[in-house]
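Asker:
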Amino acid sequence: MVDKPVRTRFAPSPTGSIHIGGMRQALFSWLYARRHGGQFILRIEDTDQERFIEGSLNLIYEAFDWFDLDIDEGPRQGGEFGSYVQSERLELYQQWANWLLENGHAYKAFETPQELAQIREEREKMGKAGYDGRARNLTTDEIAQFEAEGRKPVLRFKMPREGKTRTSDMIRGITEFDNSQLNDPVILKSDGFPTYHLAHVIDDHFMEISHITRGVEWLPSLPLHWNIFEAFGWEKPIFAHLPLIMDDKGQKLSKRKTIEGGKSDVPVIVHDFIDAGYLPEAVTNFITNIGWNFGDNQEIFSREEAMKRFDLTDINKANAAYPIEKLESINQYYIQAMETSKLANLLKPVFEDAGYTVDIALMEQVVPIINTRLKKLKEAPNIAGFLFADWAKFEAPPAEWMIHKKSTAAESVTILQRVIELIESLEDFSPTAQYDAFKALAGEMGISNSVLFTPLRISVTGKRVHPPIFETLEILGKDEAIRRIKLAIDQLQKIVSN
Ligand code: GLU
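Numbering-wise (our numbering), the sequence shown opens with residue 4 and increments by one.
1. Can you determine whether any heavy atom of the ligand GLU sits closer than 7 Å to the C-beta of residue 35, and answer yes or no?
2. Report the residue from 229, 175, 33, 405 whose alpha carbon sits nearest the alpha carbon of residue 203.
3. Output the distance between the C-alpha atoms of residue 49 and residue 246, rounded to the nearest integer angstrom.
4. Residues in the same chain with beta-carbon distance under 7 Å from residue 90, minus the five sequence neighbours each way, listed in chain order, please.
5. Of all the CB atoms in chain D, is at least one closer than 8 Å to the CB of residue 386?
6. Determine the closest residue to residue 109 out of 473, 153, 201, with distance taken between C-alpha atoms.
7. Counting only the same chain and skipping the five closest in sequence on each side, list residues whose C-beta sits under 6 Å from that of residue 270.
8. Check whether the Cβ atoms of residue 79 and residue 310 lie closer than 8 Å to each other.
9. Return the CA-CA distance between residue 47 and residue 284, expressed in angstroms with no decimal places.
10. Taking the straight line between their C-alpha atoms, what separation do you get for residue 12 and residue 207?
11. Could you give the first and the last residue of the continuous beta strand (DSSP E) run that contains residue 243?
12. Quick check: the Cα distance between residue 290 and residue 323, rounded to an integer number of angstroms?
13. When the Cα of residue 100 is compared with those of 341, 196, 216, 411, which residue comes out closest?
14. In whole angstroms, what is the alpha-carbon distance linking residue 26 and residue 64?
15. Any heavy atom of the ligand GLU inside 7 Å of the beta-carbon of residue 48?
16. Is DSSP giving residue 132 helix, strand or coil here?
17. For the ligand GLU, any of its heavy atoms closer than 7 Å to the Cβ of residue 66?
18. Please work out which residues of its chain come closer than 7 Å, Cβ to Cβ, to residue 164, disregarding the five sequence neighbours upstream and downstream, and give them in chain order.
19. At what residues does the alpha helix (DSSP H) containing residue 489 begin and finish?
20. Tell me whether the segment 450-459 and the segment 400-412 touch, counting them as touching only if at least three CB pairs, one residue from each stretch, are closer than 8 Å.
21. Please report the distance separating the alpha-carbon of residue 75 from that of residue 390.
22. How far does the beta strand (DSSP E) with residue 469 in it extend, from its first residue to its last?
23. Can you give, in chain order, each stretch of the alpha helix (DSSP H) that sits fully within the segment 361-400 and has at least 4 residues?
24. In its own chain, which residues sit with a C-beta less than 7 Å from the C-beta of residue 59, not counting the 5 before and 5 after it?
25. Write down the C-beta distance between residue 217 and residue 189 rounded to the nearest angstrom, noting that I regard them as a contact closer than 8 Å.
26. Which same chain residues, not among the five before or five after residue 333, have their C-beta less than 8 Å away from its C-beta?
27. Examine the ligand GLU and report whether any of its heavy atoms sits within less than 7 Å of the Cβ of residue 199.
28. Tell me, which residues are paired with residue 513 by DSSP?
29. Could you please give the first and the last residue of the uninterrupted beta strand (DSSP E) stretch that includes residue 222?
30. Where does the unbroken beta strand (DSSP E) through residue 215 begin, and where does it stop?
31. Reducing DSSP to helix, strand and coil, say where residue 197 ends up.
32. Work out the CA separation of residue 186 and residue 103 for me, nearest whole Å.
33. What first and last residue would you give for the beta strand (DSSP E) that runs through residue 172?
34. Once you ignore the five residues that flank residue 227 on each side, which residues in its own chain have a CB closer than 8 Å to its CB?
35. With 16 as the cutoff for other CB atoms within 10 Å, does residue 40 come out buried or exposed?
36. Bridge partners for residue 255 per DSSP, in chain order?
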């Protein structure tokens with residue numbers, strides 16, 4: 004345990020929306036910081052300019068806003084350890100890279116890409132990988148000669164060649180790496196940009212990061228980072244390498260994935276979840292369960308509950324499955340549990356995006372009759388859009404839908420005419436009063452409930468699948484209900500007179 008204040012960070016490269024594995028890492032770092040009353044920092048790692056995607060910072064902030072994860076220091080928050088964007092810190096990296104050079108921990112290397120390819124090829128034949136460290140032996144004269152020719156060097160870190168590097172990790176314990184297996188990596192490129200290896204060590208040191216959580220794909224580089232910290236003589240943060248998230252084939256979950264059969268995409272980046280209409284509470288719950296579990300066989304828990312129990316040491320070492328099918332039921336749970344007015348406000352823009360004009364008071368009436376049917380917010384307009392459509396534009400559904408299989412078009416017309424009379428006569432238009440009255444009408448006409456309700460349901464909703472009919476009628480009101488039933492009658496008459 005470190006006794007210094009807990010400061011964790013999320014350090015994405017600006018390559019678009021955040022991958023769900025990255026978001027889980029951010030969430031775990033955030034939970035850990037919050038649990039320990041520490042700070043959570045966002046740092047943008049943009050030293051690999053080729054991978055830069057315009058607009059990424061906005062997408063990253065949108066993701067944090069959506070999840071409602073507050074950031075203590077970052078590009079937009081500022082903070083005393085800024086800048087929080089690596090490309091604005093080049094001088095610092097260059098200064099410390101030079102320090103390594105001057106103190107014998109790094110060296111200049113001048114190989115061209117072609118020469119490097121050739122070295123790699125030769126070494127492959129000998130069963131070895133990577134660079135062989137030959138520029139370690141350049142003399143001062145040779146270096147001066149290269150520089151006089153205008154060649155720009157890279158700086159490489161001098162890894163120890165013998166012995167072992169013994170590392171520790173909160174999740175994985177002690178790991179020993181054979182130094183003879185490691186090559187001298189580039190830490191500063193010839194254009195003056197650092198590589199990840201150098202930049203993050205410097206940043207994590209100067210930003211006083213106490214715990215580095217990151218994907219296990221970085222574990223093989225840990226001995227390198229360990230040795231860079233040692234070369235500088237800096238205290239190392241505590242490392243926690245998180246397990247990978249795997250797809251259903253046991254492969255690392257990549258950015259895009261298609262469900263078997265190719266029908267729909269599995270959400271993988273944060274904006275997929277937003278677009279599909281999942282709730283942030285549900286996605287938070289879902290990803291907290293990947294590689295960590297709450298305990299007591301409890302699958303549904305709030306972020307605040309998780310925070311009280313969360314510890315990096317409890318994260319599972321093994322790579323974790325991505326049980327996306329569970330997300331729908333978790334989401335459904337959160338939709339049902341949500342307060343009416345909150346859900347109404349969340350659904351408003353979803354309906355508006357689908358082209359409906361939304362009155363929030365009406366939405367609050369609609370929420371209780373659809374909330375148990377929704378797995379995702381995006382499904383709502385399809386189920387209940389007819390309640391918001393510009394009513395003048397409502398079109399009667401196809402006549403065939405309004406005829407029960409044991410009935411005829413003419414009978415449907417008669418039923419609907421009787422239904423109109425009944426609706427006009429009802430003083431109490433509440434769902435229970437309607438139910439009693441319609442049932443009595445069916446009895447009087449000598450027909451089954453379903454023969455009566457089929458034309459009624461479909462005439463007013465225009466849909467075969469819709470929310471409960473009596474509540475729907477109550478929301479529409481008598482006049483609009485009757486107007487729609489009349490449209491339906493006209494439609495049915497066309498068949499009758501044929
Ligand atoms: N920029 C690195 C990445 O996106 C960060 C890794 C880390 O968290 O140190 O993978």
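For glycine and all other residues, C-beta sits at the position ideal for the given N, C-alpha and C. From a predicted model like this one, the values you see are computed outputs, not experimental measurements.
Answerer: With the given structure in hand:
1. no
2. Comparing Cα positions, the closest option is 229.
3. 24 Å
4. 49, 50
5. Note that chain D does not occur in the displayed structure, where there is just one protein chain.
6. Selected option, being the one with the closest Cα: 201.
7. 276, 279
8. no
9. Note on geometry: alpha-carbon atoms of residue 47 and residue 284 lie some 25 Å from one another.
10. 9 Å
11. If you look at residue 243, you'll find it in the beta strand (DSSP E) that goes 241-245.
12. 11 Å
13. If we check each option's Cα against that of residue 100, 196 comes out closest.
14. 12 Å
15. It does: the Cβ of residue 48 is within 7 Å (strictly closer) of some heavy atom of the ligand GLU.
16. coil
17. No, Cβ of residue 66 sits at least 7 Å from all heavy atoms of the ligand GLU.
18. 182, 183
19. 481-500
20. yes
21. 44 Å
22. Here residue 469 belongs to no beta strand (DSSP E), and DSSP marks it neither H nor E.
23. 363-373, 383-387
24. 17, 18, 19
25. Contact doesn't hold; Cβ gap of about 20 Å is too wide.
26. 285, 288, 289, 302, 303
27. For the ligand GLU, at least one heavy atom lies less than 7 Å from the Cβ of residue 199.
28. The structure shown has nothing for residue 513, since the chain only spans 4 to 501.
29. Per DSSP, residue 222 belongs to no beta strand (DSSP E) and is neither H nor E.
30. 214-218
31. Three-state DSSP puts residue 197 in a strand.
32. Roughly 17 Å separates the two Cα atoms.
33. 167-172
34. 160, 162, 185, 188, 200
35. Counting C-beta atoms within 10 angstroms of its own C-beta, residue 40 has fewer than 16 neighbours from the protein chains shown and is therefore classed as exposed.
36. Residue 255 is bridged by DSSP to 249.
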